[in-house]
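Reading through the structure tokens given below for one structure.
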Amino acid sequence: MKKHIANIITGSRIVLSLPLLLIPLTSVWFCVIYLLCGLSDMIDGTVARRTKSASKFGARLDTVSDFVFMTVALIKFVPHLPIPAWLWIWIGVIAMIKIGNAAWGFVRTKELISPHTLLNKITGLLLFFLPVTISFVDLTYTLPIVCTVATVAAIHEVYFTYSEKKYDT
299 MKKHIANIIT GSRIVLSLPL LLIPLTSVWF CVIYLLCGLS DMIDGTVARR TKSASKFGAR
359 LDTVSDFVFM TVALIKFVPH LPIPAWLWIW IGVIAMIKIG NAAWGFVRTK ELISPHTLLN
419 KITGLLLFFL PVTISFVDLT YTLPIVCTVA TVAAIHEVYF TYSEKKYDT
């Protein structure tokens with residue numbers, strides 16, 4: 299059981315993310331489940347390393363769990379965010395860089411790769427806390443910061459993807 303606990307934590311993010319689609323955004327349950335999803339993302343890798351149970355399967359499961367959680371979060375939050383057109387373009391450019399990285403990584407390795415670099419982790423943390431900050435910091439200030447960090451992280455990821463260098467997780 300000990301060797302599977304990290305994957306169970308990671309998989310719980312998928313299981314917990316899906317009900318968020320049905321729960322009102324302003325409810326206490328939404329906040330609790332959203333925070334549990336974020337907590338699972340923060341601790342699963344550490345648990346895997348400490349229990350010496352890190353695996354390719356676990357890394358793939360983490361990527362899928364992150365994708366499901368982020369997709370659900372976007373579905374819930376984006377309709378309520380006043381995002382200007384120029385910012386949508388910036389977000390699109392970041393997405394294209396990330397898609398290009400994933401495509402090249404797949405061509406090169408025949409696997410979907412998603413580097414868990416420090417900058418990608420920082421970007422994820424900023425994105426995770428963005429909805430929490432909306433009530434006291436205007437998006438005009440926070441979104442450009444998040445997009446700047448995400449852009450640097452995506453470009454940094456290009457280096458690892460195209461140079462075939464290993465990255466530190």
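Our numbering puts the first residue of the sequence shown at 299, with every later residue one more than the last. Even for Gly, the Cβ is constructed at its ideal location relative to N, Cα and C. These figures come from a predicted structure and were not determined experimentally.
Positions of the alpha helix (DSSP H) runs, each at least 4 residues long and wholly inside the stretch 411 to 451, are given as 416 to 431 in order along the chain.
According to the DSSP assignment, Ala400 belongs to the alpha helix (DSSP H) that extends over 383 to 407.
Residue burial is scored here from C-beta neighbours: Phe355 has fewer than 16 other C-beta atoms within 10 angstroms and is therefore classed as exposed. Comparing alpha-carbon positions, the option among His378, Thr449, Leu416, Leu359 lying closest to Ile432 turns out to be His378.
Going by beta carbons, Phe367 and Ser310 fall outside the 8 Å limit.
For Leu314, the enclosing alpha helix (DSSP H) begins and ends at 303 to 318. Non-local C-beta neighbours of Leu410 in its own chain, meaning closer than 8 Å and more than five positions away in sequence, comprise Arg358, Thr361, Ala400, Gly403, Phe404, ordered along the chain.
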